[in-house]
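Engineer:
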Amino acid sequence: ILNVEQSPQSLHVQEGDSTNFTCSFPSSNFYALHWYRWETAKSPEALFVMTLNGDEKKKGRISATLNTKEGYSYLYIKGSQPEDSATYLCARMNTGFQKLVFGTGTRLLVSP
Amino acid sequence: KAGVTQTPRYLIKTRGQQVTLSCSPISGHRSVSWYQQTPGQGLQFLFEYFSETQRNKGNFPGRFSGRQFSNSRSEMNVSTLELGDSALYLCASSSMGPSNTEAFFGQGTRLTVV
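Chains as they are written, first to last, in our numbering: chain X, 4 to 115; chain Y, 339 to 452.
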């Protein structure tokens, strides 16, 4: 994998459904993996920053895991709510470079 | 605590003109990064400044430049605008750099080149 890739590109679920997204990235020279949530007409908002293989982080109904050896991270949303509707972005940072490389995001729509 | 402020929010320019965008980071943050988002593309990294020094640069032509002032405010300049420069430009600030700490984003400047 040369770039940061996210799947699926979009997702439409019903309120109460649990869902998950995938972020795949090059595993070499890995330093950190960021997850952001971006609602329409607002600024991207940081959800998690993870650095260690096996990291698991949780914020309310949202959690994330990280596998740096195989180069992937999962974001889980339990019991989706309409207010969870947003684009979820992941971004990878290499060692030695002060820049984030973003995926194109997963657009989530939660219907009531 | 005020968030990241970008001005202007919207801008319409003509091909060939130049434009300057401004970003005021969160107080105390010394790192400012700039990103471009065009339809169908992820956020593309432009450059990052820390304490008035450019530490890293993305793969953009030399028409894209930036600078950072002693108060950490940053400006981004695009000269000889092209239609393809129409995009949302976001800046993000962080205390030391976008490493193992989160970045805080502004709401962006929507640039339209006609």
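We put the beta carbon where it would ideally sit given N, CA and C, even for glycine.
As the structure is a computational prediction, the values presented were derived from the model and not from experiment.
#1: So if I threshold CB-CB distances at 9 Å, which residues from the segment 36-50 of chain X count as touching chain Y?
#2: Who does Y:Gly404 pair with in a DSSP beta bridge?
#3: Grab the span of the beta strand (DSSP E) containing X:Arg40 for me, first residue to last.
#4: Alpha carbon to alpha carbon, how far is X:Asp20 from X:Pro85? Give it in angstroms, no decimals.
#5: To the nearest angstrom, how far is it from the Cα of Y:Gln355 to the Cα of Y:Ser417?
#6: Sorted by chain position, which residues of the same chain lie with C-beta nearer than 6 Å to Y:Leu381's C-beta, five sequence neighbours on each side aside?
#7: Any heavy atom of the ligand ATP closer than 8 Å to the Cβ of Y:Leu421?
#8: Pull up the distance between the alpha-carbon of X:Phe24 and that of X:Lys102, whole angstroms please.
#9: Using a Cβ-Cβ cut-off of 9 Å, state whether Y:Gln356 counts as contacting chain X.
#10: Distance check for Y:Glu420 and X:Lys62, CA to CA, integer angstroms please.
#11: When the distance is taken between beta carbons, is Y:Gln344 closer than 9 Å to Y:Ser362?
#12: Count the other CB atoms within 10 Å of the CB of Y:Phe407; is the residue buried (16 or more) or exposed (fewer)?
#13: Consider the Cβ of X:Ala89: report whether some Cβ of chain Y lies at a distance smaller than 9 Å.
#14: Shortest alpha-carbon distance to X:Cys93 belongs to which of X:Leu36, X:Lys45 and X:Leu111?
#15: How about X:Met53 and X:Ser27: do their beta carbons lie closer than 9 Å?
#16: For chain X, check one thing: does any of its Cβ atoms lie closer than 9 Å to the Cβ of Y:Asp445?
#17: With a threshold of 9 Å between beta carbons, is X:Leu92 in contact with chain Y?
#18: Does DSSP put Y:Glu420 in a helix, in a strand, or in coil?
#19: Could you check whether Y:Phe385 and Y:Gly404 sit closer than 9 Å to each other, using their CB atoms as the reference points?
#20: Can you check whether the C-beta of Y:Gln318 is within less than 9 Å of a C-beta belonging to chain X?
#21: Under 7 Å Cβ to Cβ from Y:Arg401, same chain only, skipping five residues before and after it: list those, please.
#22: Checking contacts by CB at 9 Å: is X:Phe24 closer than that to chain Y?
#23: Taking C-alpha atoms, which residue in X:Met96, X:Asp58, X:Val104 and X:Ile80 lies nearest to X:Gln17?
#24: Counting C-beta neighbours from all protein chains within 10 Å, is the total for Y:Met434 16 or more, i.e. buried, or is it exposed?
Structural biologist: The short version:
#1: In summary, the residues of the segment 36-50 of chain X whose CB is separated from some CB of chain Y by less than 9 Å are His37, Tyr39, Trp41, Ala44, Lys45, Ser46, Pro47, Glu48, Ala49 and Leu50, in the order they occur in the chain.
#2: One-based indexing of the second sequence puts residue 404 of chain Y at position 66. Partner(s): Y:Met414.
#3: Taking the first residue of the first sequence as 1, we reach residue 40 of chain X at position 37. Run containing X:Arg40: Phe33 to Trp41, per the beta strand (DSSP E) assignment.
#4: Sequence index remark: in the first sequence, residue 85 of chain X carries index 82 (1-based). Sequence index remark: in the first sequence, residue 20 of chain X carries index 17 (1-based). Distance between the alpha carbons of X:Pro85 and X:Asp20 is about 11 Å.
#5: The sequence position of residue 355 of chain Y within the second sequence is 17, counting from 1. The sequence position of residue 417 of chain Y within the second sequence is 79, counting from 1. Cα to Cα, Y:Gln355 sits roughly 6 Å from Y:Ser417.
#6: As a first step, residue 381 of chain Y must be located in the second sequence, where it is residue number 43. For Y:Leu381, where only same-chain residues beyond five positions count, the Cβ hits under 6 Å are Tyr373 and Gln375.
#7: Ligands are entirely absent from the displayed structure, and the ligand ATP is therefore not among its contents.
#8: Looking up residue 24 of chain X in the first sequence gives position 21. Looking up residue 102 of chain X in the first sequence gives position 99. Linking X:Phe24 to X:Lys102 through their CA atoms gives a straight-line distance of about 23 Å.
#9: If you number the second sequence from 1, residue 356 of chain Y lands on position 18. By this cut-off, Y:Gln356 is not an interface position.
#10: For the purposes of this step, residue 62 of chain X is taken as the residue at position 59 of the first sequence. For the purposes of this step, residue 420 of chain Y is taken as the residue at position 82 of the second sequence. If you take the alpha carbons of X:Lys62 and Y:Glu420, they lie about 42 Å apart.
#11: Here residue 362 of chain Y refers to the residue found at position 24 of the second sequence. Here residue 344 of chain Y refers to the residue found at position 6 of the second sequence. Judged by beta-carbon spacing, Y:Gln344 lies within the 9 Å limit of Y:Ser362, meaning their Cβ atoms are closer than that value.
#12: Against the second sequence, residue 407 of chain Y aligns to sequence position 69. By the 16-neighbour rule on beta-carbons within 10 angstroms, Y:Phe407 is exposed.
#13: Numbered from its first residue, the first sequence carries residue 89 of chain X at position 86. Chain Y places no beta carbon closer than 9 Å to that of X:Ala89, leaving this residue out of the contacts.
#14: For the purposes of this step, residue 93 of chain X is identified with residue 90 of the first sequence, where counting begins at 1. Closest by C-alpha distance to X:Cys93, out of X:Leu36, X:Lys45 and X:Leu111, is X:Leu36.
#15: For the purposes of this step, residue 53 of chain X is taken as the residue at position 50 of the first sequence. For the purposes of this step, residue 27 of chain X is taken as the residue at position 24 of the first sequence. One thing to note: X:Met53 has its Cβ no nearer than 9 Å to the Cβ of X:Ser27.
#16: Counting from 1 along the second sequence, the entry for residue 445 of chain Y is found at position 107. Contrary to the premise, residue 445 of chain Y reads as Gln rather than Asp in this sequence. Judged by the 9 Å Cβ criterion, Y:Gln445 is in contact with chain X.
#17: The residue labelled residue 92 of chain X in the question sits at position 89 within the first sequence. In terms of beta-carbon proximity, X:Leu92 lines the interface with chain Y, with at least one pair separated by less than 9 Å.
#18: For the purposes of this step, residue 420 of chain Y is identified with residue 82 of the second sequence, where counting begins at 1. Coil.
#19: Within the second sequence, the letter at position 66 stands for residue 404 of chain Y. Within the second sequence, the letter at position 47 stands for residue 385 of chain Y. Between Y:Gly404 and Y:Phe385, the C-beta spacing is below 9 Å.
#20: The shown model of chain Y, from 339 to 452, leaves out residue 318 of chain Y, and the question about it has no answer.
#21: For this step, residue 401 of chain Y is matched to residue 63 along the second sequence. Around Y:Arg401: Val416, Ser417 and Thr418.
#22: As a position in the first sequence, residue 24 of chain X is number 21, starting the count at 1. Not closer than 9 Å to any Cβ of chain Y, the Cβ of X:Phe24 fails to qualify, so no.
#23: To locate residue 17 of chain X, count along the first sequence from 1; it is residue 14. For the residues X:Met96, X:Asp58, X:Val104 and X:Ile80, the minimum Cα distance to X:Gln17 belongs to X:Ile80.
#24: Here residue 434 of chain Y is taken as the residue at index 96 of the second sequence, counted from 1. Around the Cβ of Y:Met434, a 10 Å sphere holds fewer than 16 other Cβ atoms; the residue is exposed.
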